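Report on one structure; see the data block that follows.
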Amino acid sequence: MAEHIPLELPDDPKLAGNITHFARALRRAGLPIGPGRVIDAIRAVQAAGFSDKRDFYWTLHACFVNRPEHRRVFAQLFRLYWRDPRYLEHMMAAMLPAIRGVQEDRPAQAAEKRAAEALLDGAEAPQQDEEHSDEETLIEVDASLTMSAKERLKTLDFEQMSLAEMAQAKRMLSRLALPVKPLPSRRGMPSPHGRIDAARSLRAALRKGGEMHALAHKTPRPRYPNLVVLCDISGSMSQYSRVILHFLHAVSNARGAGWAQVHAFTFGTRLTNITRHLATRDVDAALAAAGAQAQDWEGGTRIGACLETFNRDWSRRVMGQGAVVLLITDGLDRDTPEDLSRQMQRLHLTARRLIWLNPLLRWDGFAAKAAGIRAMLPHVDSFRAGHSIASLEELAQVISRPDDVGEKARLLEQVAYPP
């Protein structure tokens, strides 16, 4: 029989008021919660009782959570508000802009900053000591809004961003470009310099009775490649995928970026083509439609099976004209490494360049220990991080460089000669 753990309620003994305040925090964190759900939650708790933590958690979870991406925020808010009041005080000190600064005992985990920000909405910052003048205070606050804050935001992990930081990051990504250099084609175009165009020169001579007065020249006509994006939307990648899809929406709708076409696919347990949704000008409507079509958000991961589907059904349709492929995943796969390696090799052979963006590269001590990563790594041209704005800016600088390999060489050396 399961052990019943007594529930520690906040200081306010009014349970209905606490549930209402908790629902408001969830709404500020992005969950669509209206008055009807709050009333249903109070009635559900009254019917189920609240003497056990587990029962209380899942009762509120059933009333307030209806999408997979909301589970993590709900769990963090529940722990902050109902389980650990002392930790809530710690997060208050970490979130509020104290003048003297506060050192955090540890970095915030995924969704903790967004959860704490939702709970602390409207809270006031600690007051400064009277011995400090107003002029000094103004200087301190003004300094927090300088360019150094933007530079810090560029290097901040997407998982560790608060709601305000995430909104600002999306605005910055909407202005970020992903330029590509054109490729020379076999077709020529008129030019004052270059190779002699024999056909045009002879046609001009025939119009003048066979006399050739000048030679026509031509240069190769430039052509632009396709950009094909395969984005992992499993549970471990959901937060990164949403931000990167914002970036890809801006790339697909940018004029003069150079790409012939931008094709986007999401995969978790199955492959979903979301290209037509990214063509919608409104980014929120585009991602909402893409999320509605991709039914495997925050599910499991079967990279090998999804790549097999792409190679079989979509490769010939979208990989023409020397396509560049962006593979966005952490490489944690449930399929066999042999099948994954075979599908990666086939994808690599059909692409002009295959670039792998892996958020796990944000860790300094990252090593290719997972079987899926070891199977995929030899079949990519470049292996780069994809966890921050700075990493995407670096991608924009090197995407047209055929000599860029990122971290691939270092990790392959570790695999060949493990420490």
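Position one of the sequence shown corresponds to residue 19 (the numbering used here), numbered consecutively onward.
C-beta: ideal position from N, C-alpha, C; glycine also.
Quick caveat, the model's predicted, so the values are computed rather than measured.
Presumed contact (8 angstroms Cβ cut-off) between residue i and residue j, rounded CB distance
{"i": "Ser406", "j": "Phe176", "result": "7 angstroms"}
{"i": "Val91", "j": "Val246", "result": "Not confirmed; about 32 angstroms, so no contact."}
{"i": "Val280", "j": "Val269", "result": "6 angstroms"}
{"i": "Asp351", "j": "Gly390", "result": "4 angstroms"}
{"i": "Ala304", "j": "His267", "result": "6 angstroms"}
{"i": "Val416", "j": "Asp399", "result": "Not really, about 11 angstroms apart at Cβ, beyond 8 angstroms."}
{"i": "Leu248", "j": "Gly340", "result": "Not quite, the Cβ-Cβ distance comes to about 17 angstroms (not below 8 angstroms), so this is no contact."}
{"i": "Asn329", "j": "Gly349", "result": "Their Cβ separation, rounded to whole angstroms, is 18 angstroms, which puts Asn329 and Gly349 out of contact at 8 angstroms."}
{"i": "Thr287", "j": "Gly253", "result": "Not really, about 11 angstroms apart at Cβ, beyond 8 angstroms."}
{"i": "Gly206", "j": "Lys168", "result": "With 8 angstroms as the limit, Gly206 and Lys168 do not qualify as a contact, their Cβ atoms being about 46 angstroms apart."}
{"i": "Glu425", "j": "Leu378", "result": "Not really, about 11 angstroms apart at Cβ, beyond 8 angstroms."}
{"i": "Cys81", "j": "Arg55", "result": "6 angstroms"}
{"i": "Arg299", "j": "Asp353", "result": "Arg299 to Asp353, Cβ: 37 angstroms. No contact."}
{"i": "Ala66", "j": "Asp73", "result": "6 angstroms"}
{"i": "Arg218", "j": "Ala232", "result": "Contact flag wrong, Cβ pair sits at about 10 angstroms."}
{"i": "Phe401", "j": "Leu429", "result": "7 angstroms"}
{"i": "Ala312", "j": "Ile292", "result": "7 angstroms"}
Selected residue, minimal CA-CA separation from residue i, among the options
{"i": "Leu289", "options": "Ser333, Val261 and Thr298", "result": "Ser333"}
{"i": "Leu410", "options": "Gly253, Ala43 and Ala187", "result": "Ala187"}
{"i": "Ala278", "options": "His295, Arg241 and Ser256", "result": "Arg241"}
{"i": "Ile251", "options": "Leu365, Gly322 and Gly309", "result": "Gly309"}
{"i": "Leu196", "options": "Ala427, Val423 and Glu412", "result": "Glu412"}
{"i": "Ala62", "options": "Ala47, His79, Gly48 and Ser209", "result": "His79"}
{"i": "Val301", "options": "Arg213, Asn84 and Arg193", "result": "Arg193"}
{"i": "Arg239", "options": "Arg213, Leu224 and Lys226", "result": "Arg213"}
{"i": "Gly7", "options": "Gly340, Ser259 and Arg55", "result": "This structure cannot settle anything about residue 7, because the visible part of the chain is limited to 19 through 437."}
{"i": "Thr284", "options": "His231, Leu191, Cys324 and Phe401", "result": "Cys324"}
{"i": "Trp315", "options": "Ala282, Gln363 and Gln257", "result": "Gln257"}
{"i": "Ala59", "options": "Arg72, Arg46, Ala34 and Gln178", "result": "Ala34"}
{"i": "Gly383", "options": "Ala408, Arg335 and Gln432", "result": "Gln432"}
{"i": "Phe40", "options": "Val83, Pro420 and His235", "result": "Val83"}
{"i": "Asp505", "options": "Pro210, Glu425 and Trp100", "result": "Outside the modelled stretch of the chain, which goes from 19 to 437, sits residue 505, for which no answer is possible."}
{"i": "Met394", "options": "His88, Arg370, Leu378 and Gln363", "result": "Gln363"}
{"i": "Glu229", "options": "Leu95, Leu220, Thr237 and Arg380", "result": "Leu220"}
{"i": "Pro420", "options": "Leu372, Gly338 and Arg225", "result": "Leu372"}
{"i": "His88", "options": "Arg225, Leu49, Arg320 and Tyr75", "result": "Leu49"}
{"i": "Met255", "options": "Lys199, Leu345 and Gln94", "result": "Leu345"}
{"i": "Thr368", "options": "Gln311, Ile51, Ala427 and Asn244", "result": "Asn244"}
{"i": "Ile57", "options": "Leu95, Ile37, Ala385 and Gly322", "result": "Ile37"}
In DSSP terms, what residue i is bridged to
{"i": "Gly424", "result": "Phe401"}
{"i": "Ile444", "result": "Past the edges of the chain, shown from 19 to 437, lies residue 444, and the structure says nothing about it."}
{"i": "His235", "result": "Ser209 and Ile214"}
{"i": "Ile346", "result": "Cys249 and Leu375"}
Secondary structure of residue i, DSSP reduced to three states
{"i": "Pro125", "result": "Bear in mind that a pLDDT of 48 at Pro125, under 50, signals an unreliable position, so the model cannot answer this."}
{"i": "Pro240", "result": "strand"}
{"i": "Trp332", "result": "coil"}
{"i": "Asn376", "result": "coil"}
{"i": "Thr287", "result": "coil"}
{"i": "Arg370", "result": "coil"}
{"i": "Ala414", "result": "helix"}
{"i": "Leu33", "result": "helix"}
{"i": "Val301", "result": "helix"}
{"i": "Asp250", "result": "strand"}
{"i": "Val83", "result": "coil"}
{"i": "Ala282", "result": "strand"}
{"i": "Phe384", "result": "coil"}
{"i": "Gly317", "result": "coil"}
{"i": "Ala66", "result": "helix"}
{"i": "Ser270", "result": "helix"}
{"i": "Ala47", "result": "coil"}
{"i": "Gly276", "result": "coil"}
{"i": "Thr293", "result": "helix"}
{"i": "Gly119", "result": "Bear in mind that a pLDDT of 35 at Gly119, under 50, signals an unreliable position, so the model cannot answer this."}
{"i": "Gln339", "result": "coil"}
{"i": "Gly52", "result": "coil"}
{"i": "Ala312", "result": "coil"}
{"i": "Asp73", "result": "helix"}
{"i": "Asp353", "result": "coil"}
{"i": "Met394", "result": "helix"}
{"i": "Ser406", "result": "coil"}
{"i": "Glu431", "result": "helix"}
{"i": "Met255", "result": "coil"}
{"i": "Arg360", "result": "helix"}
{"i": "Glu142", "result": "The pLDDT assigned to Glu142 is 42, lower than 50, so where the model puts this residue is not dependable, and the model offers no usable value."}
{"i": "Arg419", "result": "coil"}
Original post:
Taking only runs of the alpha helix (DSSP H) that begin and end inside the region 161-231, which ones reach a length of at least 4 residues, in chain order?
Top reply: 165-173, 181-192 and 216-224
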